[in-house]
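Residue numbers for the sequence shown follow the working numbering, so the first one is 24 and each next one is one higher.
Glycine included, C-beta positions come from ideal geometry on N, C-alpha and C.
The structure appears below as structure tokens.
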Amino acid sequence: MTLYLRLGGRPAIEAAVSSLLRRLREDSLFAGQPHSPLRTCPREGLTEFLVYIFAGSPTYEGRALGEAHGGLFLDTPRYDRFVDHLVSIFSNDGTNARIAIEARYVLERVRPFVLNSPQVIEA
Numbered sequence: 024m025t026l027y028l029r030l031g032g033r034p035a036i037e038a039a040v041s042s043l044l045r046r047l048r049e050d051s052l053f054a055g056q057p058h059s060p061l062r063t064c065p066r067e068g069l070t071e072f073l074v075y076i077f078a079g080s081p082t083y084e085g086r087a088l089g090e091a092h093g094g095l096f097l098d099t100p101r102y103d104r105f106v107d108h109l110v111s112i113f114s115n116d117g118t119n120a121r122i123a124i125e126a127r128y129v130l131e132r133v134r135p136f137v138l139n140s141p142q143v144i145e146a
């Protein structure tokens, strides 16, 4: 069974995106940005991306990650915080360790693409 299905499918990812955006708006690391893309973050685009990386869809036809997330993750600390929040949401604040480990693993594998610094990623 894919991580996507174990997370609860599209409804769970949509709910997680809503929770994530709320957390990021309240997070001082993101809220302090003068022109925060969180105000206009495309909820649907983020949902589609997460559905894809968690194996809920065989294709992703959205914008290139560096372009789509430009300004949101300007640096490693912001991406780290994004991952921490999302993993916390999916794992029920850490109570589901297996989900936490798998979600973090997937999010780490896409890090170079989100931060717009692609490099070879070994399996």
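- When the beta-carbon positions are compared, residue 101 and residue 52 come within less than 8 Å of each other.
- If you compare the alpha carbons of 24, 37 and 108 with that of residue 72, the shortest gap goes to 37.
- Annotation: the continuous alpha helix (DSSP H) that includes residue 131 extends over 120-132.
- For residue 79, same chain residues with a beta-carbon under 6 Å away, outside a window of 5 residues either side, are 27 in chain order.
- Assigned with DSSP and collapsed to three states, residue 78 falls in coil, not helix or strand.
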